[in-house]
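*Asks:* Chains A and B are the protein sequences, given in the same order. Each residue of the first sequence is one higher than the one before, counting from 91 in our numbering. Each residue of the second sequence is one higher than the one before, counting from 91 in our numbering.
2 protein chains.
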Amino acid sequence: MTKISTYDYLLEHRVKPSVQRLAVMEYLQQHHTHPTADEIYVHLVNKIPTLSKTTVYNTLRLLVEQGAARMLTIDEHNVCFDAMVEPHAHLLCTACGTVYDLPVDQVPVAAPGVLPGGHVAREASLYYRGTCADCLRRQAGN
Amino acid sequence: MTKISTYDYLLEHRVKPSVQRLAVMEYLQQHHTHPTADEIYVHLVNKIPTLSKTTVYNTLRLLVEQGAARMLTIDEHNVCFDAMVEPHAHLLCTACGTVYDLPVDQVPVAAPGVLPGGHVAREASLYYRGTCADCLRRQAGN
DNA sequence: CTGCAAAATTAGACATTTTCTTTATTGCCT
DNA sequence: AGGCAATAAAGAAAATGTCTAATTTTGCAG
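(1) Thinking just about the alpha-carbon of each residue, which of A:205, A:119, A:216, A:165 is nearest to the one in residue 226 (chain B)?
(2) Report the option in B:231, B:125, B:107, B:97 whose CA atom is closest to the CA atom of residue 170 (chain B).
(3) What residue from A:193, A:221, A:190, A:208 has the CA that sits closest to residue 202 (chain B)'s CA?
(4) Hey, how far is the Cα of residue 193 (chain B) from the Cα of residue 200 (chain B)?
(5) Buried or exposed for residue 212 (chain A), going by 16 or more other Cβ atoms inside 10 Å?
(6) What does DSSP give as the partner residue(s) for residue 219 (chain A) in the beta ladder?
(7) State the DSSP-derived secondary structure class of residue 165 (chain B), mapped to helix, strand or coil.
(8) Between residue 222 (chain A) and chain B, is there a C-beta pair that is closer than 8 Å?
(9) Taking all protein chains shown into account, decide if residue 114 (chain B) is buried (16 or more other Cβ within 10 angstroms of its Cβ) or exposed.
(10) Per DSSP, what are the beta-bridge partners of residue 170 (chain A) in this structure?
(11) Would residue 105 (chain A) pass as a contact of residue 153 (chain A) if the rule is Cβ separation under 8 Å?
(12) Whole angstroms are fine: how far does the CA of residue 174 (chain A) sit from the CA of residue 100 (chain A)?
(13) Check this for me: beta carbons of residue 223 (chain A) and residue 209 (chain B), under 8 Å apart or not?
(14) Taking 8 Å as the threshold (C-beta atoms), are residue 110 (chain B) and residue 145 (chain B) in contact?
(15) Which residues bound the beta strand (DSSP E) around residue 191 (chain A)?
(16) Give the interface partners of residue 177 (chain B) over in chain A, defined as CB-CB distance under 8 Å, in chain order.
(17) What residues from chain B crowd round residue 163 (chain A), counting only those whose CB sits closer than 8 Å?
(18) Throw me the rounded Cβ distance for the residue 135 (chain A) and residue 141 (chain A) pair, which I believe falls under 8 Å.
(19) Can you look up residue 231 (chain B) in the DSSP assignment and give me helix, strand or coil?
(20) Would you check whether the ligand COA has a heavy atom nearer than 7 Å to the C-beta of residue 136 (chain B)?
(21) Got a sec: is the Cβ-Cβ distance from residue 152 (chain A) to anything in chain B below 8 Å?
(22) Find out if the Cβ-Cβ distance for the pair residue 163 (chain B), residue 123 (chain A) is shorter than 8 Å.
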């Protein structure tokens, strides 16, 4: 599998690559921290001083619509985003707030498709809430 | 399995059953519509005119903490609640906004437990997003 | 190159949801 | 009855996300 540029990645997903959209997409690809819209805005406004919050929100919505990114609703307070589109699960540590990726070969992940009752699922999300290994260690030390 | 009263249900979960807490819990048990905190407040304030929104929020948080109810973060705009604690999946219809329950025998549901990496999951949520059977029919008719 | 139309971006006001703080009330125990 | 701790109320406040209107940029045609 060849790594493609962010520019081409956007084109592949039919997103016109403006400076702002490239910056948001690159941020998602380089930081696997599942950032919120606000975190992205705060980081990028240093490089693009005229950037507006609205643009970040618009861009993220567009990226998700075009399948270039994923929206996570695991945290009750904030929607956050993930550049990884391949199916995988997520764990939210309720102690530190970190969101972890759990590859598909490590946990069961349900697939989209037709559900009982005749509903059609376009996407499936598997979310765990609990305590991460780091926080468990820290708590054991106390 | 014997059906127990809401009063005893709260006691079982170590929640002191005040009038307000009973009302919130009963609302959840009688309406399987996955209401938001505000929907619960609006409905209950008719019966309990002095009810405050803060109390509804506090009560819901307490119920979730004690395992008497479940918090769903499937909808990006609103957190909603569910009295069913047994594991089951949920579908959000992105056309009409309804949240459906999907019993555990109809879809794969992951269980809490120890995850790869040493994380410990206390709860697992499986969320589908798509279009419900009703909306599919309606769209086909157009 | 110049001008036009469409798309994208900006800024800030706005709306909504949730939390915080303070005060009042309730219920229980002696 | 009096006092204490837990619960609830009210409104202010914070945080998050959305809307509107205006400006800027882009792509294209002449």
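Every residue, glycine too, gets a C-beta built ideally from N, C-alpha and C.
*Replies:* Taking the definition as stated:
(1) A:205
(2) B:125
(3) Nearest of A:193, A:221, A:190, A:208 to residue 202 (chain B), Cα basis: A:221.
(4) 13 Å
(5) exposed
(6) A:182, B:213
(7) Correct three-state label for residue 165 (chain B): coil.
(8) yes
(9) buried
(10) A:126, A:162
(11) The answer is yes: Cβ separation under 8 Å.
(12) 14 Å
(13) yes
(14) Cβ atoms of residue 145 (chain B) and residue 110 (chain B): closer than 8 Å.
(15) 189-192
(16) What residue 177 (chain B) touches in chain A: nothing, since even the nearest Cβ is about 12 Å away.
(17) 163, 164, 165, 166, 217
(18) Rounded, the Cβ-Cβ distance is 5 Å, consistent with contact.
(19) Three-state result, residue 231 (chain B): helix.
(20) Only the bare structure without any ligand can be found here, which leaves the ligand COA out of the picture.
(21) For residue 152 (chain A), the answer is no, since every Cβ of chain B falls outside 8 Å of its Cβ.
(22) no
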